[in-house]
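Numbering (my numbering), first residue to last: 1037 to 1364.
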Amino acid sequence: MNDIKQYLPGLALCAAVTLAATALGHAEALLLGRAWLEPLVLAILLGSLLRTARPLPAATAPGIHLGAKTLLEVAVLLLGATVDAHALARPALAAGIAGSVLVAIAFSYAVCRALRLPHRLALLIACGNSICGNSAIAAVAPVIDAEGGEVAASIAFTAVLGVAVVLLLPPLGRLLGQTPLQYGVFAGMTVYAVPQVLAAAGPVSATSLQAGTVVKLLRVLMLGPVVLLLSLAGRGGRRVPLAHMVPWFIVGFLALMAARSAGLLPAHVIAAAHGTAGWLTAMSMAALGLGVDARAVLRAGARVSAAVIVSLAGLAAISLALIRLLGV
């Protein structure tokens, strides 16, 4: 019981920050028509502001650490219940997206290293840009032992650009003369989060929305293999048990995805997994923020911002090349 009690102060603080972020998100939607900054982003920003404003009590440290690691891993596991592999069974498109994601990760990582960003931060930005934004950063972070400041920096800039992409993508699609199908693929390949795909593609046409959603889910599905590869790469040439090479939460993610695809999960279980994953992710983002002094993040701001912008431009170019290659 004492072991559990030591986590309560920190978890309570994380929950309070998460509730405040959720309330601010609802307020944004009511006042501005949509939440321009998602609760995930608000949670890490509020946590960081609180951490920067004053030192936190020592009693909150164990719970904050648990929230930043274990809760995050459980959230990634539960996301598997929301992915149906049958909806993604398009071999040519799937192969093209898989290849594009890997090329985008390599390009983005090279850009980050050229700008002299640390290895782990470069990996976080590369995976966040190339796969699914905050969710990819959240999944990759525990595998590469990323520090809270690195996660906070990558998420902060990725989140801001995510909003910009949603606003700029529709006029860019019109400027390029894209068909609704082409624009849907373009949106699905470049927008970070699934809700942002809905916002960017929905107003254009139903075809754009459907294509964008499928492409986005195919990108999200790359998260498992990429995280697995990073886990294996981190082991060097040593022989280790498979259980140690493959993160337990990725195994759980794949198992739940298989169960969902086989029709073994009732609708209410899927809905509960989706909601719980969202809440746990927000809690973990609050925990990450509470462990970061914002002034340390700002010191690396210019280079991180440049890296994310150039990486995003590269991803857009790769997406356009894929559309041409597949003859969409």
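Beta carbons are placed, not taken as given, at the ideal position from N, Cα and C, and that holds for glycine.
Residue i - containing alpha helix (DSSP H), residue span
i, result
"Asn1170", "Asn1170 to Val1179"
"Leu1076", "Pro1075 to Ala1089"
"Thr1106", "Ala1097 to Leu1115"
"Arg1156", "His1155 to Cys1163"
"Ser1244", "Ala1242 to Leu1257"
"Leu1301", "Counting along the chain, Leu1301 falls outside any alpha helix (DSSP H), and DSSP gives it neither H nor E."
Reference residue i; option with closest CA among the options
i, options, result
"Thr1118", "Ala1323, Thr1312, Met1319 and Ala1349", "Thr1312"
"Asp1039", "Ala1065, Ala1095 and Arg1156", "Ala1095"
"Ala1307", "Ala1353, Leu1078 and Gly1116", "Gly1116"
"Ala1229", "Leu1138, Glu1074 and Ala1269", "Glu1074"
"Ala1111", "Val1202, Leu1212, Gly1061 and Ala1174", "Ala1174"
"Ala1247", "Ala1057, Lys1041 and Ile1133", "Ile1133"
"Leu1253", "Ala1158, Ala1048, Val1137 and Leu1356", "Val1137"
"Gln1218", "Leu1358, Leu1049 and Leu1066", "Leu1358"
"Gly1327", "Leu1068, Ile1080 and Ala1142", "Ile1080"
"Ser1144", "Leu1362, His1304, Leu1361 and Gly1350", "Gly1350"
"Leu1205", "Gln1232, Leu1361, Phe1285 and Ala1172", "Gln1232"
"Phe1342", "Asn1165, Val1176 and Leu1203", "Strictly speaking, residue 1342 in this sequence is Ala, with Phe absent from that position. Measuring from the Cα of Ala1342, the nearest candidate turns out to be Asn1165."
"Thr1317", "Ala1172, Thr1088 and Leu1257", "Ala1172"
"Thr1226", "Ala1200, Gly1213 and Thr1088", "Ala1200"
"Val1346", "Ala1162, Lys1105 and Asp1120", "Ala1162"
"Ala1269", "Cys1148, Ala1140, Ala1059 and Ile1180", "Ile1180"
"Val1077", "Ala1059, Leu1203 and Ile1141", "Ala1059"
"Pro1093", "Leu1047, Thr1106 and Ser1355", "Leu1047"
"Val1344", "Gly1299, Phe1285, Val1147 and Pro1302", "Val1147"
"Arg1149", "Ala1142, Ile1141 and Ala1158", "Ala1158"
"Ala1182", "Val1202, Leu1203 and Pro1154", "Pro1154"
"Val1287", "Gly1213, Leu1348 and Pro1261", "Pro1261"
"Ala1352", "Val1250, Ile1141 and Gly1363", "Ile1141"
Three-way DSSP call (helix, strand, coil) for residue i in this model
i, result
"Thr990", "Limits of the chain in this structure are 1037 at one end and 1364 at the other, which puts residue 990 out of reach."
"Met1319", "helix"
"Glu1183", "coil"
"Arg1149", "helix"
"Asp1120", "coil"
"Val1137", "helix"
"Gly1327", "coil"
"Leu1092", "coil"
"Pro1045", "helix"
"Arg1070", "coil"
"Gly1350", "helix"
"Val1364", "coil"
"Ala1131", "helix"
"Val1053", "helix"
"Ala1229", "coil"
"Gly1238", "coil"
"Leu1358", "helix"
Residue environment, residue i, which counts as buried when at least 16 other CB atoms sit within 10 Å
i, result
"Gly1135", "exposed"
"Arg1255", "buried"
"Leu1129", "buried"
"Gly1220", "buried"
"Arg1360", "exposed"
"Gln1042", "exposed"
"Gly1184", "buried"
"Gly1198", "buried"
"Gly1209", "buried"
"Arg1090", "exposed"
"Ala1309", "buried"
"Gly1169", "buried"
"Ala1057", "buried"
"Leu1068", "exposed"
"Leu1049", "buried"
"Leu1348", "buried"
Within 8 Å, strictly: CB atoms of residue i and residue j
i, j, result
"Pro1045", "Gly1099", "yes"
"Ala1223", "Ala1236", "yes"
"Val1240", "Pro1207", "no"
"Leu1113", "Leu1292", "yes"
"Leu1108", "Ile1167", "no"
"Leu1082", "Gly1325", "yes"
"Gly1152", "Arg1339", "Position check: residue 1152 holds Arg in this sequence, whereas Gly was assumed. Yes, the Cβ-Cβ distance between Arg1152 and Arg1339 is below 8 Å."
"Ala1323", "Gly1061", "no"
"Val1053", "Leu1086", "yes"
"Ser1190", "Leu1211", "no"
"Ser1297", "His1122", "yes"
"Ala1188", "Ser1084", "yes"
"Val1263", "Val1176", "yes"
"Leu1301", "Ala1294", "no"
Cutoff 8 Å: residue i Cβ touching any chain E Cβ
i, result
"Leu1264", "Of the chains in the structure shown, none is chain E; there is only one protein chain."
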